[in-house]
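The structure under discussion appears below in the form of structure tokens.
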Amino acid sequence: MTMPSHKAAHCIPPHTLTRLAREWLAEDTPNFDPAGACVGSQEVEARLLCKTPHSVLAGSPFFTAVFTEVGCTVDWVYQEGEEIGPGAITLTAVVKGPARCLLLGERSALNCLARASGIATRCSQLQAAAAERGWHGEVAGTRKTTPGFRLVEKYAMLVGSVSMHRQDLSGMVMLKDNHVWASGSITQAVREARSVCGFSSKVEVECQSAEEGREAATAGADIVMLDNFQPQELHVAAHVLKEEFPALLIEASGGVTPENVAMYFSPHVDIISLGCITQGCPVVDYSLKVQKPATPPSKKQV
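Using full-length UniProt numbering, read the sequence shown as starting at 1 and increasing by one per residue.
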């Protein structure tokens, strides 16, 4: 069995891979697998084919973990993070194992790989757009992830070379408009958040104007998110805040898409976050094709 190497893969604890693989398999086959009766346990080989050229391979540790759990092996042709292609159909990996077990893992493994590769591909495209225009800030994802699947989606962002942003509510303090309204003011919200998070967490505040950004920075926020600004308004507000607070990080978010992201690049903007990295992101089309045996299996082989 070969496991593609990518620095992001080393962040996933082995027990987490095993736990997720078992959960996905249990969801897909909660009791009997009647179709397994017609294929039996003879050894078969299946080829993983990518049918979306120029996609970035992501999710191979999860794919491999699923098949390991059902007693199959995976040999990868492409490495994690590599671009697949350029052919219309590209052999990506070979899976071997008992027929009924291979087919037990097929759908869970493919779903994970297709989703992760789609996210990594979009991230790679966004990074390429930033590099092409010489922008040196960070493209980032958001918490707009699929419930129960966040770890895979955040991992795919790493493979696609963008920032995960915060992974969950515990990772960093982000005070959005609802927090501010519920607490009374930006200053009060920042003060109360800082009193419990201490030095170990950054505090970010969602702001609707440069004036709100100034209040947040004065109160001690580390990051100001300029939310739903038009590009030109964003550039002006970011410039004003950076002149007054040079150490302040400026994040742009809201309304940013792969089509218009270049309009938000600015030397005064440090981070651009996009919900579309995970929401509505196209998946990569993979299929797993069992190779026909040279001779039909005998009853003893089943």
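Beta carbons are placed, not taken as given, at the ideal position from N, Cα and C, and that holds for glycine.
Since the model is a prediction, treat every value here as computed from it, not as a measurement.
Compute the distance between the beta-carbons of residue i and residue j, then report whether it is under 9 Å.
| i | j | result |
| --- | --- | --- |
| V205 | V224 | yes |
| S287 | L48 | yes |
| L274 | V284 | no |
| V203 | L175 | yes |
| A221 | V180 | no |
| V152 | G105 | no |
| P258 | G118 | no |
| A156 | A120 | yes |
| A210 | L241 | yes |
| S60 | A93 | yes |
| D270 | G137 | yes |
| E192 | S183 | yes |
| L158 | A8 | yes |
| E244 | R214 | yes |
| T90 | P34 | no |
| G85 | C38 | no |
| I272 | V256 | yes |
| Q279 | K144 | yes |
| Q167 | R150 | yes |
| I277 | R122 | yes |
| Q79 | H6 | yes |
Tell me, please, which residues DSSP counts as bridged to residue i.
| i | result |
| --- | --- |
| E80 | In the DSSP output, where bridge partners are listed per residue, E80 has none listed. |
| M174 | E204 |
| T73 | K96 |
| L226 | C207, A252 |
| S273 | A140, S253 |
| S55 | I84 |
Note the first and the last residue of the continuous alpha helix (DSSP H) segment covering residue i.
| i | result |
| --- | --- |
| T28 | Inspection of the sequence shows that residue 28 is occupied by Asp rather than by Thr. Residues 14-28. |
| V39 | From DSSP, V39 is part of no alpha helix (DSSP H); its letter is neither H nor E. |
| V196 | 186-197 |
Terminal residues of the continuous beta strand (DSSP E) containing residue i?
| i | result |
| --- | --- |
| A46 | 43-50 |
| K289 | 286-290 |
When the Cβ atoms of the stretch 102-112 are set against those of the stretch 125-142, are three or more pairs found closer than 8 Å?
By the Cβ rule, the stretch 102-112 does not count as touching the stretch 125-142, because fewer than three pairs are nearer than 8 Å.
Would you mind listing the alpha helix (DSSP H) stretches within the stretch 78-164 that are 4+ residues and don't spill past its ends, in chain order?
Within the stretch 78-164, the complete alpha helix (DSSP H) runs of at least 4 residues fall at 99-132, 150-159.
If contact is defined by three or more beta carbon pairs under 8 Å, each pair taking one atom from either stretch, is the stretch 247-259 in contact with the stretch 65-74?
No: the two stretches stay apart, fewer than three of their Cβ pairs being nearer than 8 Å.
Do the stretch 85-104 and the stretch 28-46 make contact, defined as three or more Cβ pairs closer than 8 Å?
Touching, per the Cβ criterion.
Would you list, in sequence order, the uninterrupted beta strand (DSSP E) runs of no fewer than 3 residues that lie entirely inside the stretch 233-271?
249-253, all fully within the stretch 233-271.
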